[in-house]
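See structure below.
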Amino acid sequence: MRTVRAELGARSYDIRVGAGLLAQAAGWLKELGFDGKLVIITDPMVKRLHGDRLADDLSAAGFNVISLVVAGGEANKSLDNAARLYRELMSFFAERSTPILAVGGGIIGDLAGFVASTYLRGVPFVQVPTTLLAQVDAGIGGKTAVNHGDIKNNIGTFYQPRLVIADTDVLKTLPEAEILNGLAEVIKSAAIADKDFFTFLEANLKDPGSVDASMREEIVFRCARIKAGIVAADERDLGQRHILNYGH
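Mapping to the working numbering: the sequence shown position 207 is 207, numbers consecutive.
As structure tokens, this is what we get:
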């Protein structure tokens with residue numbers, strides 16, 4: 001495991017990168033002071049592949065876990081779904097100390113983060129990104145949003161997570177198209193910020209099949225370090241952080 005520290009003063013947090021990290025999640029959450037109720041927000045496929053196992057592990061560690069499921073796709077990153085999640089949180093009697101775990105790709109991370117930042121004026125939030133794109137970009141930096149009126153991400157907040165758990169083992173379940181989406185962001189990150197990393201990719205990244213276990217950890221770690229450094233310098237996206245929009 002390797003760790004990147006997102007340096008944001010009192011809101012600093014770790015981005016932990018490596019294989020098999022979901023098995024350590026319960027211990028890390030307890031180290032952050034969480035106990036009792038815990039909410040997982042995920043989508044149906046991720047719930048089946050990873051979320052149910054994570055929920056079982058957390059329950060075995062003594063957490064009272066509820067999993068809230070949102071269908072995938074940008075159309076579901078909406079105020080309507082946020083309102084439904086608020087109702088389910090209230091039915092669960094979630095309190096201001098109840099952490100929300102976003103377990104999924106960027107859509108789940110954006111929506112769950114928005115809900116966490118607004119429910120009871122803010123509850124703790126943990127990112128558990130399960131796509132390559134989310135591990136190298138969307139799961140880091142604190143941008144949350146929903147879509148409204150056919151406009152993407154036009155209602156949102158800046159709200160940093162307490163922890164990011166990037167388990168590179170979960171990337172093995174991704175289809176090739178999702179790997180390619182993530183690799184485009186990886187190459188972009190290297191191009192804008194790290195010449196040595198770009199040279200490394202030229203030498204080692206031949207095709208999606210070349211992304212083995214060690215390669216997964218290396219690229220997620222190096223992209224997390226790039227993103228965390230840029231966010232630390234410009235958290236509110238007022239200047240330097242605009243460079244992350246290159247290629248979008």
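Cβ coordinates follow ideal geometry from the N, Cα and C atoms, glycine included.
Proximity below 8 Å, CB of residue i to CB of residue j
i           : j           : result
residue 43  : residue 100 : no
residue 132 : residue 171 : yes
residue 136 : residue 70  : no
residue 146 : residue 128 : no
residue 17  : residue 130 : no
residue 68  : residue 38  : no
residue 32  : residue 163 : yes
residue 140 : residue 25  : no
residue 190 : residue 201 : yes
residue 40  : residue 55  : yes
residue 159 : residue 97  : no
residue 2   : residue 12  : no
Residues that DSSP places opposite residue i in a beta bridge
i           : result
residue 129 : 104
residue 163 : 14 and 126
residue 144 : 157
residue 151 : 148
residue 78  : 147
Per-residue burial, residue i [other beta carbons within 10 Å of its own, 16 or more giving buried]
i           : result
residue 119 : buried
residue 221 : buried
residue 175 : exposed
residue 93  : exposed
residue 248 : exposed
residue 50  : buried
residue 10  : exposed
residue 240 : exposed
residue 81  : buried
Run of the alpha helix (DSSP H) containing residue i, from where it starts to where it stops
i           : result
residue 92  : First-last for residue 92: undefined, no H or E at that position.
residue 204 : 195–204
residue 218 : 213–233
Any C-beta of chain C under 8 Å from that of residue i
i          : result
residue 49 : Absent from the structure is chain C; it holds one protein chain and no more.
Residue span of the beta strand (DSSP E) that contains residue i, given as start and end
i         : result
residue 3 : 2–6
- Query: Which full runs of the beta strand (DSSP E) of 3+ residues lie inside the region 16–75, going along the chain?
  - Reply: 37–42 and 64–69
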